[in-house]
Structures are given as C-alpha cells and as structure tokens.
Amino acid sequence: MDLVDFITRELTDDAWMDDGACKGLTHLFFPTAAERPQTRELREQAAQRVCEGCMVRVQCRDFARDNHEYGFWGGESEHERHAAGFRLIAPIGVRARQSS
Ligand code: SF4
2 MDLVDFITRE LTDDAWMDDG ACKGLTHLFF PTAAERPQTR ELREQAAQRV CEGCMVRVQC
62 RDFARDNHEY GFWGGESEHE RHAAGFRLIA PIGVRARQSS
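Oh and the sequence shown: position 90 is 91 in our numbering, straight run, nothing missing.
Written out as structure tokens, the structure reads:
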C-alpha cells in the first residue's frame, strides 16, 4: 500500500473492503444500463447469497447506508436501504420497481 492509498483508507475507513467476499463479482452487485426488473431480481438474489457468507457484512451495510451508495451492499439492495430510511439522491432501482 502506497502513501496515497494509506491516507485515503484512513480518511474513508474502508479497509474492511479487503475482506469482502465479493471480490471479482462486481457484475452481481451493480446493474448494467437499462437492466430489466426480472434480471435485477435474479442478480440481487445471487449477490445476497454471496453477502450471507461475508465476514464484513455489517460494516458494508453501514458504509452504504452512511454514504448513500448505489448497488447491492451488505446484503441490502438500493430498495431495501431506501425503505430502511437511508435515502438515495436519485433512487433508480426504487423508481424502476414503483413503475413496473
Ligand atoms: S457484505 Fe456483500 S457487498 Fe459487502 S463486502 Fe461482503 S460480499 Fe461484498
């Protein structure tokens, strides 16, 4: 880890990410452009299964909630985070679900 990485990690407190079970599986955690609702559901089910065995699940969920992240984090979808009171600025997944 170089100095810039070290300083960034200290400021954002995201060192827990190194222990995530989702390394190399980004395609399961973030949608493609114009993802269909049925595809999103299947993708998020697969992501959920990965998160269930992850040792940093709570840190991940809290990070996403605190930082208004998009995508699937800590076993929680955008929709679930939004419903739990952690609002997204432009909740794309939430809007897609409401209009389908
Ligand atoms: S809880 Fe899920 S999204 Fe978060 S680091 Fe673990 S596997 Fe990745």
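Beta carbons: idealized from backbone N, C-alpha and C, even for Gly. Note that this is a predicted model, so its numbers are computed, not measured.
Residue i CB to nearest heavy atom of the ligand SF4 below 8 Å
i, result
"Leu25", "The sequence shown places Gly at residue 25, not Leu. For the ligand SF4, not one heavy atom lies less than 8 Å from the Cβ of Gly25."
"Phe30", "yes"
"Ala47", "no"
"Ala22", "yes"
"Gln87", "Note that residue 87 corresponds to Phe in the displayed sequence, not to Gln. Outside the cutoff, so no."
"Arg58", "yes"
"Arg82", "no"
"Arg44", "no"
"Arg41", "no"
Of the listed residues the options, nearest to residue i (C-alpha basis)
i, options, result
"Ala22", "Pro38, Cys52 and Asp14", "Cys52"
"Asp14", "Gly25, Glu45, Val57 and Ala85", "Val57"
"Asp67", "Gly86, Arg50, Gly54 and His28", "Gly86"
"His28", "Asp19, Gln49 and Asp20", "Gln49"
C-beta contact flag for residue i and residue j at 9 Å
i, j, result
"Arg37", "Phe73", "no"
"Phe64", "Gly75", "yes"
"Glu77", "Arg62", "yes"
"Tyr71", "Glu79", "yes"
Suppose only complete runs of 3+ residues qualify. What are the beta strand (DSSP E) ranges in the region 51-82, listed by chain order? Counting only runs of 3+ residues, no beta strand (DSSP E) is found wholly inside the region 51-82.
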